[in-house]
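Enquirer: In the numbering used here, the protein residues as written are 81 to 178. Built from N, CA and C at the ideal position, the CB exists for glycine as well. None of the values given here were measured: they were computed from a predicted structure. Got a structure here, written out as C-alpha cells. Questions coming.
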Amino acid sequence: MLIDYTHRNGHRELIEIPTPADVLEQIRTNPDLWPKPTVEQPDDETIAAMLYDSEDLEATDGCTLHEPDGICQHCHVAWPRYLTTPRPKPRPRQKERP
Ligand SMILES: [Zn+2]
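Structure (C-alpha cells):
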C-alpha cells in the first residue's frame with residue numbers, strides 16, 4: 081500500500097508500507113516465521129480427518145481455517161500443514177558459562 085507522506089520539512093514522498101494482508105502472505109509462505117502452536121497438538125486421528133475433510137481445519141492456535149494452506153489472522157497455519165512442512169530446527173541453547 082502506498083501512502084502519501086509529508087515530512088516535517090515539507091518534503092512529500094510516496095512510501096510503500098506493507099498491509100496486514102501482505103504481512104500475512106509473507107508469513108504464510110515462509111515456515112521460518114510461523115509462530116509456535118498455542119494449543120495442544122490434536123491426535124493423529126483428528127489430523128488425518130482434517131486432511132480428508134479440508135472444510136474445517138484447526139490452526140495451531142485453535143482458530144478454524146477453511147483452506148489447507150490458509151493462515152488465520154494471528155499468523156497460525158493449519159495443523160496438517162504445520163506438521164508436514166519441514167522447519168529449521170531451533171538452535172540449541174548455548175550453555176551458560178559459570
Ligand atoms: Zn488465530
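Less than 8 angstroms between the C-beta atoms of A158 and P166, yes or no?
Expert: no
Enquirer: What residue range is occupied by the uninterrupted alpha helix (DSSP H) comprising L104?
Expert: Residues P100 to R108.
Enquirer: Is it buried or exposed for T140, if we count other Cβ within 10 angstroms and need 16 for buried?
Expert: buried
Enquirer: What's the gap between the Cα of E135 and the Cα of I127?
Expert: 13 angstroms
Enquirer: Span of the beta strand (DSSP E) holding E125?
Expert: From DSSP, E125 is part of no beta strand (DSSP E) but of the alpha helix (DSSP H) over D124 to Y132.
Enquirer: Taking the straight line between their C-alpha atoms, what separation do you get for D124 and R173?
Expert: Computed Cα separation, rounded: 30 angstroms.
Enquirer: Taking its Cβ as the centre, do 16 or more other Cβ atoms sit within 10 Å of T162, making it buried, or is it exposed?
Expert: Checking the sequence, you will find Tyr at residue 162 rather than Thr. Classification of Y162: buried, given that the 10 Å Cβ count is 16 or more.
Enquirer: Using three-state DSSP, classify R88 as helix, strand or coil.
Expert: R88 falls in the coil class under three-state DSSP.
Enquirer: Apart from the five residues on each side of it in sequence, which residues of its chain come closer than 8 angstroms, Cβ to Cβ, to L94?
Expert: L82, I83, D84 and Y85
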